[in-house]
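Reviewing the structure listed below.
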Amino acid sequence: MTRGHNDSLPRFSPDGRLLGFVRRGPVGRGQVYVVDAVGGEPVQVTDAPLGVSEFRWRPGSHDIVFLARVPESGRYGTIPGVTAEAEPARRILTRRYRANGVGYTTDRRTHVFVVTAPNVWAEPGSAIAAAALGSDSSHSGMTIPEARQLSTGEYDHAGLAISPDGATVLTVSARHARRDEDLCSEVWRFALGPAAEPVRVLDARSHLAVSSVGWVSADSMGFLATDVGESGRDFVARNTSAYLLDMGSGGGVRRLTDPETVDLDPSGGLSAMDGGLILAHRTIRGRVELVSIDPDRADDAIVSSILPGSLVASAHDVVGDTVIVAVQHARSSGELMLAGSEPRILTDFSAELRERGLSTPVETVFAAGDGHAVHGWILTPEGPGPHPVLLTIHGGPFAQYTVAILDEAQVYVDAGYAVVLCNPRGSAGYGQAHGRAIRQAMGTVDMTDVLDFFDGALASSDALDPARVGIMGGSYGGYLTAWTIAHDHRFAASIVERGFLDPEAFVGTSDIGDFFGEEYVGREPEQVTRQSPQAVVGRVTTPTLVLHSEQDYRCPLSQAERYYAALTRVGVPTELVIFPGENHELSRTGRPRHRLQRFEMILEWWARHLPTGANSHPDSVTATR
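Numbering-wise (my numbering), the sequence shown opens with residue 58 and increments by one.
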C-alpha cells in the first residue's frame with residue numbers, strides 16, 4: 058500500500074474509501090496522510106510542529122480527530138534559527154515536567170484537534186481540489202488543510218473515542234486540583250461540531266487512573282482503569298479493571314471485573330461489539346488472552362476468553378462480528394489471527410525467522426524455599442552440553458515474561474548459552490497479591506524466587522552447567538541483578554542495564570520519581586537504604602557491565618553513573634557504556650544501529666567472562682566458580 062520510511066497506525070475511513078496512516082521520515086515528526094484505499098499517491102493531512110501521536114476517523118465523514126503536542130512559542134523550532142540551547146529559561150512549578158521518550162512536557166502539552174481530509178481524487182492544482190477544501194487554493198502537496206484545536210490549557214490529553222453519531226469525542230485528561238500530587242485521571246467530552254465547552258463525564262473523585270476509553274452504546278462508555286486508592290498514589294501491582302459508565306440515565310460507574318483475579322492489559326485497549334460485549338486483553342501466567350466482558354452478567358462468567366492458548370495478544374479490532382487480533386507465540390514474533398468459534402492464523406510473517414532457527418522455550422514451575430510456585434521458561438542451545446547459563450530478569454517489576462519469542466533470549470541461545478527466565482513475586486499475571494508481595498519489600502522474596510527457580514533449572518538438566526553462570530537484567534531487572542550480585546557471588550559476570558539502582562537519588566531526577574520510589578520502597582531513610590543496591594555496592598565482587606542511555610528519564614543516567622563510580626571505588630572489574638540519543642526503551646524501540654551495537658557489546662562481555670564455542674574472545678576469563 059505504501060513505501061514510506063516509517064508508515065504506521067493504519068485506519069480505514071468509515072466508508073472504506075480512504076486509508077489514513079502516520080508517516081515518519083528519517084528526520085522530522087509523524088504526520089497523518091491519506092491515500093485511496095485501492096492505491097495511489099498519499100496526501101498529507103496534518104502539519105503538527107511536533108507530530109501526531111494518535112488519530113481516529115469521525116463516523117459518517119472524512120474528518121479526522123487527532124492528538125498532537127502544541128509547542129510553546131519560541132521553543133522546539135517555532136522560531137527559525139533559535140536552537141534548543143538558545144531557548145529561554147524554563148520556570149518549573151510542578152513535580153512532573155519531563156517524560157521518558159519526550160523530554161520536557163509542560164511547554165508542549167498534548168491537545169485534541171479535528172481536520173477534514175482533502176479530496177485525494179482531485180486533479181493537482183484544479184478548481185475541483187480547491188472547492189473540496191473550501192478554499193481558494195488547491196491541495197496537491199502545496200496546501201495542507203488547517204486543523205481546528207478543540208482543547209486548550211495546561212493539560213495533557215490521551216486516547217480518543219468518537220461517539221457512534223460522530224457528534225463528540227472522549228479523551229482522558231487530568232484537570233483536578235491535586236493532579237500534581239496523585240495519579241488520578243478524568244474523562245472529558247468535546248463536541249466535534251460548533252465550538253462548545255468540554256464536559257467532564259468522569260472526575261478524579263473516583264480514584265481511578267484511566268488508561269483506555271470506548272463507546273459501548275450511544276449513551277454508555279466503557280473504560281479500563283486502575284484503582285489507586287484514597288491517596289490517589291497506590292499504584293503498585295494494582296490490576297487494571299474494566300468499568301462501565303452510564304451517561305444517559307445517571308447510573309454512575311460500575312466495575313465489571315474483579316481486580317484481585319483479573320488483570321486487563323491497558324496497552325491492548327478496549328472495544329465494543331454489536332450487542333454490548335466489551336473486548337479487552339487479559340494478562341495471565343505469561344500469556345495475554347483476548348476476552349469478552351458481558352456487562353449484563355454479574356457472575357464469574359462475565360469474562361470469557363475468546364482467544365485462549367499459548368498466545369500473546371497485542372492488539373485487536375472489530376467490525377460487526379468479525380474480530381482480528383495481532384498475536385505472538387513461541388514460533389512467531391507477530392501474526393494476524395481471526396478470532397471466533399474457529400480461530401485461524403491469517404499470516405505467516407515469521408517463516409523466514411523460523412527457517413533461520415528458533416529455540417523453543419520449555420515451560421516449567423519450580424518451588425521457592427517457602428513453597429511458593431515460581432513459573433518460568435528454559436531455553437537450551439542445540440548440541441551436547443553442559444552449556445553456560447544466563448539468568449535474565451525482566452523489568453517492571455509489575456510485568457511478565459511471556460510465551461512469545463523474545464529476541465534477547467534467541468540471540469543468547471544462538472551464541473551458545475542456555476537462558477533461564479521466570480516471573481517472581483512482584484510480576485504481573487498471577488493476581489494482585491502476587492504483584493504486591495514486594496511493595497516496600499524489594500529484594501526479598503523476588504530475589505529468592507529468582508534464585509530458587511534458577512537452582513531448580515540447573516538441577517533439572519545435565520545440559521545446564523552450574524559452574525558457569527551469568528546474570529543480567531534491565532530496569533527493575535537491573536535493580537534485581539545489582540541487588541543479587543551483592544548477596545550471591547556465584548556468577549562469572551553480570552550486566553546491569555538502565556537500572557533503578559539508587560532510590561534516594563531517583564526522587565527529583567526520574568520522570569516518575571515523585572511517586573514510584575515512595576510506593577515501592579517507602580519514604581523512611583532506613584527503609585529505603587534496606588532496599589537500595591547503591592547502599593550495598595561495597596559487597597559486590599562480580600565483574601559488571603553497566604549499560605545506559607543518555608536520554609533515559611525513567612531511570613536517569615545518574616543512576617548508572619553513581620553505581621559505576623561506586624564499583625570502581627571498591628575495585629570491581631566494570632565498564633560503563635552510554636548510548637547517545639536513546640531513552641529507556643533502547644532495547645525495544647531504539648535506533649537499529651544502537652540496538653545491534655548493544656547486542657554486540659553484550660555478547661563481547663559474555664565472550665570475555667563466560668565464553669562458549671560460538672562466542673569466544675582472545676582475552677576471555679575462564680570461569681570455574
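Glycine included, each C-beta is placed from N, C-alpha and C at the ideal position.
Counting along the chain, V578 sits inside the alpha helix (DSSP H) bounded by residues 573-578. Below 8 angstroms, too few C-beta pairs join the segment 275-291 and the segment 452-470 to call them touching: fewer than three. By the C-beta criterion, the segment 519-537 is judged to be in contact with the segment 441-457, since at least 3 inter-stretch pairs fall below 8 angstroms. Linking I201 to P83 through their CA atoms gives a straight-line distance of about 21 angstroms. Counting only residues of its own chain and dropping the five nearest sequence neighbours on each side, V627 has a CB closer than 8 angstroms to the CB of V594, G595, V597. Under the three-pair Cβ rule at 8 angstroms, the segment 561-573 does not count as touching the segment 508-524. When A253, Y300, A252 are compared, the shortest CA-CA separation from H264 is found for Y300.
Taking the Cα positions, L478 is about 12 angstroms away from A461. Considering only P99, T225, A231, the residue with the shortest C-alpha distance to V244 is A231. Contact annotation: G534 and T340 have beta-carbon atoms that are not nearer than 8 angstroms. Across the set S268, M499, S484, the C-alpha of S484 shows the shortest separation from the C-alpha of G433.
Looking at the DSSP output, R339 bridges to L321, E346. For the pair of segments examined, the segment 145-160 was found not to touch the segment 112-119: the number of CB pairs separated by less than 8 angstroms stays below three. Assigned with DSSP and collapsed to three states, I528 falls in strand. H605 is classed as buried because its beta carbon has at least 16 other beta carbons within 10 Å across all chains shown.
Residue state for P637 is assigned as coil, using DSSP reduced to three classes. The beta carbon of R611 sits closer than 7 angstroms to those of N157, S567, D568, I569, H641, all from its chain and outside the five residues before and after it, given in chain order. In the assembly as shown, D239 is a buried residue. Its beta-carbon has 16 or more other beta-carbons within 10 Å. Assignment of P352 by DSSP, reduced to helix, strand and coil, places it in the coil class. Per DSSP, P630 has no beta bridge partner at all. Residue environment analysis places N672 among the buried positions, since at least 16 neighbouring C-beta atoms fall within 10 angstroms of its C-beta. In the displayed model, G535 falls within a helix according to three-state DSSP. Membership of V585 in the alpha helix (DSSP H) is indicated by the continuous run 582-587. In the three-state scheme derived from DSSP, where H, G and I count as helix and E and B as strand, P445 is classed as strand. Around the beta-carbon of L334, 16 or more other beta-carbon atoms lie within 10 Å, marking it buried.
Counting along the chain, no alpha helix (DSSP H) covers Q88; the unbroken beta strand (DSSP E) around it starts and ends at 88-93.
In the DSSP assignment, the residues bridged to G160 are A156. Counted as a single uninterrupted DSSP element, the beta strand (DSSP E) harbouring F423 occupies residues 419-424.
In this structure, DSSP gives Q467 a helical state, which the three-state scheme calls helix.
The beta carbons of V345 and T459 sit about 7 angstroms from each other, so the pair counts as a contact at 8 angstroms. The Cβ-Cβ distance between V92 and V102 does not fall below 8 angstroms.
Here the C-alpha atom of S65 lies approximately 5 angstroms from the C-alpha atom of V79. Assignment of I359 by DSSP, reduced to helix, strand and coil, places it in the helix class.
A direct Cα-to-Cα measurement between S389 and G289 gives close to 40 angstroms. Between L558 and Q616 a beta carbon distance of about 5 angstroms is seen, short of the 8 angstroms cut, so the two are scored as contacting.
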